[in-house]
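Undergrad:
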Amino acid sequence: MATHKKLMTLLSKRNIDEKKRHELVYAFTNGRTKSTKDLIQKEINDLCWKLENEFQFYTYIDPYLEAFKKKKRSVVLAIASEVGIKEPNSWSSFNSFMKKSSVHKKALSKYDLEQLDDLIRQFKAIENNYKKSAKKSGTKAWSHSLGLPQISSN
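Just so you know, we're using my numbering here: the sequence shown kicks off at -2 and counts up by one.
Okay, here's the thing in structure tokens:
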């Protein structure tokens, strides 16, 4: 049975700094916590075992975290495509939206794990507003949801 002290020792032996440790715990617990103090015993045991026995796990922690970030980015992109922020073959409108209107005003690839949660929250709110607007005829969301061309303002 592994202890919190053993886990912290293993993390320091692997030269994992505080920020990376928080990201690792956050990804390992699927976003439940960032603190090693909040890990349940089974999570401590599993994480210690992985750090001790799986060379690839602690050698490739960055790809592990990147895979977790990729899942979160996929959620954002799916919502952006659904509501018309991201067009199928064009990134320019999406990138300009991200830099001007996203919660942290930066490109999607520059968001860290915690910021991605904020961004997902923002995009879910956008999605809810879009769905409400799509029910009202004559709105931009309504025409987009039906696949109609943009309504002229004339």
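Note that CB positions come from ideal geometry on N, CA and C, so glycine has one too. These numbers were taken from a predicted model, which means no experiment stands behind them.
With H, G and I counted as helix, E and B as strand and the rest as coil, what does DSSP make of S87?
TA: Correct three-state label for S87: strand.
Undergrad: Pull up the distance between the alpha-carbon of W139 and that of E49, whole angstroms please.
TA: Roughly 55 Å between the two C-alpha positions.
Undergrad: What do you get for K137, buried or exposed, if any count of 16 or more other CB atoms within 10 angstroms of its CB means buried?
TA: Exposed: under 16 other Cβ atoms inside 10 Å.
Undergrad: In chain order, what residues of the same chain lie with their CB nearer than 7 Å to the CB of C45, ignoring the 5 residues before and after it?
TA: Cβ neighbours of C45 beyond the five flanking positions: A(-1), K3, L4, L7.
Undergrad: Does the region 75 to 95 come within contact of the region 33 to 47, defined as at least 3 CB pairs closer than 8 Å?
TA: Counting Cβ pairs under 8 Å, fewer than three are found: no touch.
Undergrad: Within this structure, are the beta carbons of H19 and K31 separated by less than 8 Å?
TA: Going by C-beta atoms, H19 is nearer than 8 Å to K31.
Undergrad: Check whether the region 70 to 77 touches the region 25 to 41, taking contact to mean three or more Cβ pairs, one atom from each stretch, closer than 8 Å.
TA: No, the region 70 to 77 is not in contact with the region 25 to 41.
Undergrad: If H101 sits next to D115, beta carbons under 8 Å apart, how far is it from one beta carbon to the other, in whole angstroms?
TA: Confirmed, Cβ separation roughly 7 Å.
Undergrad: If we ignore side chains and look at the alpha-carbon of each, how far apart do A64 and L105 end up?
TA: Using only the alpha carbons, I get a separation of about 14 Å.
Undergrad: Between A122, N12, D14, Y61, which has its C-alpha nearest A24's C-alpha?
TA: The option with the nearest alpha carbon to A24 is Y61.
Undergrad: What does the alpha-carbon distance come out to for the pair L21 and N42?
TA: Their backbone Cα atoms lie some 15 Å apart in a straight line.
Undergrad: Apply the 10 Å Cβ neighbour rule to S87 and answer buried if 16 or more other Cβ atoms are within range, or exposed otherwise.
TA: Exposed, because fewer than 16 other Cβ atoms sit within 10 Å of the Cβ of S87.
Undergrad: Leaving out the 5 sequence neighbours to the left and right, which residues in its chain are closer than 8 Å to S90 when beta-carbon positions are compared?
TA: Cβ neighbours of S90 beyond the five flanking positions: I82, K83, E84.
Undergrad: Would you mind listing the alpha helix (DSSP H) stretches within the region 105 to 142 that are 4+ residues and don't spill past its ends, in chain order?
TA: Runs of the alpha helix (DSSP H) inside the region 105 to 142: 110 to 131, 137 to 142.
Undergrad: One question on the structure: do T26 and E15 come within less than 8 Å of each other, judged by their Cβ atoms?
TA: In this structure, E15 does not lie closer than 8 Å to T26 by Cβ.
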